[in-house]
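Colleague:
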């Protein structure tokens, strides 16, 4: 993991191999954006600002230009870093733009030893955006080929929030930047862990292997601030306890299905424990989705190793909550299976009985995600949480409706999720659950069917309506991340090719806000 520190020293004293700056597109010439900690280089940065238009740099989003410090004339020697890297933010300068710009710069700096980021970081929110962006941008798959460049090794973020250097007469005050950086580090590690899981080949990350990985990760979390409990349902227990959907989806594969339950319980006083919120998170973990007997076309297959991104997101966010010691109880459910067309595979026309007793006619075996999620949702709400969120790469219709970078969210809690996503720098769009579409799920043979036959209209919404059947009165939101979870195109901003870790920042922010509201009520 890339090392990160903060400094209130001026850039001339911070050193580094590269000094990173940002610039916003503006009329005439791009406008440099920097931190108050870089004011000692005001004259040098003025020379740089005059130079940028002649280099063809406009400040457009994700645009980059490298400038040798020597190009600044005699003042260039005061920069100390041999190179300046300027990244464009487009016409925005908010925290979302800063996060993306820091990530874009960090991606470009793969193979670099030490970069000093002098982007605006004068508030805790700005500092968090720059630190998160830099750390998430400095990602490489942990099993990358040896020839691949190593990520940026070290980041220093210039900010006046960092304590002044220690002197013989004055000790350092408390460091207000420390908790911001610690959260950024834990969040970036969680995002990287989710990306790694999504990028793993499906022959390696089977349901059993995923469950074993989750157990190892849970065992590695310190227990000082609470308790982290782990439980796994194997194929026999799934059948015995009525998880007909998870068992049915996985019955055609050599590798059997699993259901993982992970619970974070913070260590709190009795009063705070009574007031603590209980949030259930459910993640879709189809480790490979061929479509089953309703086989997908070959062109759609390679990316289907990413169909477990919801489970990876839920696991990573829950572990991050535990590492941060958040005062909120979290139960995470990972519904893990392979959807393959073996001789024992589920058939169109089969009827399965769900955990809550609902019967479902399987009309399309490629609509398997909603089946495993419904089983896990029914188990989650049986424990009476205050709110439940489910996260899934559920429908291709989500990509058709919202594109590859925007996720859809449905249910009573959708506005709270959208608000958390905005603060986390992710893009969720609120979607309806129209009552008239429920008729698409009517079946003459069971309580409902899993997919509309011959009708593609509103596919994302119909899937959400199916899941809503299994949450009862529990406040709920369904997060369909099919597009943003896996990037098959060129990298952009802080987002690499392959697994993106999308959703982890939003879930962690949502948990923090629920914890804050509940604990404020207890005070």
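In UniProt numbering, the protein residues as written are 1 to 523. No residue lacks a Cβ here, since even glycine has one placed at the ideal position from N, Cα and C.
1) Start and end of the alpha helix (DSSP H) containing residue 95?
2) Thinking just about the alpha-carbon of each residue, which of 225, 357, 485 is nearest to the one in residue 403?
3) Taking the alpha carbon of residue 152 as the point to measure from, which residue in 234, 3, 437, 263 has its own alpha carbon closest?
4) Determine the burial state of residue 450: buried for a count of at least 16 other Cβ atoms within 10 Å of its Cβ, exposed for fewer.
5) Return the chain-ordered list of same chain residues with a C-beta closer than 8 Å to the C-beta of residue 519, the five sequence neighbours on each side being excluded.
6) Rounded to the nearest angstrom, how far is the Cβ of residue 336 from that of residue 314, given a contact under 8 Å?
7) Ignore the nearest five residues each way along the sequence and tell me which others in residue 168's own chain have a CB closer than 8 Å to its CB.
8) Go through its chain and collect everything with a Cβ distance to residue 482's Cβ below 7 Å, but skip five positions before and after it.
9) Since residue 296 contacts residue 290 with CB under 8 Å, what's their CB separation in whole angstroms?
10) Taking only three categories from DSSP, how would you classify residue 341?
11) Within the continuous alpha helix (DSSP H) that includes residue 510, where are the two ends?
12) Specify whether the region 30-50 and the region 177-185 touch according to this definition: at least 3 beta carbon pairs, one from each stretch, less than 8 Å apart.
13) Considering just the uninterrupted stretch of the beta strand (DSSP E) at residue 270, what are its terminal residues?
14) Quick check: the Cα distance between residue 171 and residue 162, rounded to an integer number of angstroms?
15) Compare the Cα-Cα distances from residue 515 to each of 156, 322, 287 and report the closest residue.
16) Is the beta carbon of residue 362 closer than 8 Å to that of residue 348?
17) Put residue 210 into one of helix, strand or coil per three-state DSSP.
18) Could you tell me if residue 111 is buried or exposed, where buried requires 16 or more neighbouring beta carbons within 10 angstroms of its beta carbon?
19) Once the 5 residues before and after residue 306 are set aside, which same chain residues still bring their CB inside 7 Å of it?
20) Roughly how many angstroms separate the alpha carbons of residue 235 and residue 206, rounded to a whole number?
21) Tell me the residue span of the alpha helix (DSSP H) that contains residue 375.
22) Grouping DSSP H, G and I as helix and E and B as strand, with all else coil, what is residue 202?
23) By the three-class DSSP mapping on this structure, what secondary structure does residue 180 have?
24) Can you name, in chain order, every residue of its own chain whose Cβ lies under 7 Å from the Cβ of residue 16, other than the five neighbours on each side?
Modeller: Taking the structure as given:
1) Looking at the DSSP string, the run of the alpha helix (DSSP H) that includes residue 95 is 95-108.
2) When C-alpha distances from residue 403 are compared across 225, 357, 485, the shortest belongs to 485.
3) Nearest option by C-alpha distance: 3.
4) Buried.
5) Excluding the 5 residues flanking it on each side, residue 519 has same chain C-beta neighbours closer than 8 Å at 272, 275, 276, 327, in chain order.
6) The Cβ separation is near 11 Å, so there is no contact.
7) Note that residue 168 has pLDDT 41, beneath the 50 cutoff, so the model's placement of it is unreliable and no number is given.
8) For residue 482, where only same-chain residues beyond five positions count, the Cβ hits under 7 Å are 393, 394, 395, 396, 398, 399.
9) Cβ atoms of residue 296 and residue 290 come within 8 Å of each other, at about 6 Å.
10) Residue 341: coil per DSSP, three-state reduction.
11) Segment 504-522, the alpha helix (DSSP H) holding residue 510.
12) Result no; under three Cβ-Cβ pairs closer than 8 Å.
13) Counting along the chain, residue 270 falls outside any beta strand (DSSP E), though it belongs to the alpha helix (DSSP H) covering 270-275.
14) Unreliable positioning characterises residue 171 in this predicted model, as indicated by a pLDDT of 48, which lies under 50. A coordinate reading is not provided.
15) Comparing Cα-Cα distances from residue 515 to each of 156, 322, 287, the minimum goes to 322.
16) Against a cut-off of 8 Å, the Cβ pair of residue 362 and residue 348 comes out as a contact.
17) In the three-state DSSP reduction, residue 210 falls in the helix class (H, G or I).
18) By the beta-carbon neighbour count (other beta carbons within 10 angstroms, threshold 16), residue 111 is exposed.
19) Excluding residues within five positions, the ones whose Cβ falls inside 7 Å are 198, 393, 485, 486, 499.
20) The alpha-carbon atoms of residue 235 and residue 206 are separated by roughly 14 Å.
21) Looking at the DSSP string, the run of the alpha helix (DSSP H) that includes residue 375 is 369-381.
22) Of the three classes helix, strand and coil, the one that applies to residue 202 here is coil, per DSSP.
23) Helix at residue 180.
24) Closer than 7 Å at Cβ, skipping near neighbours: 81, 114, 115, 116, 156.
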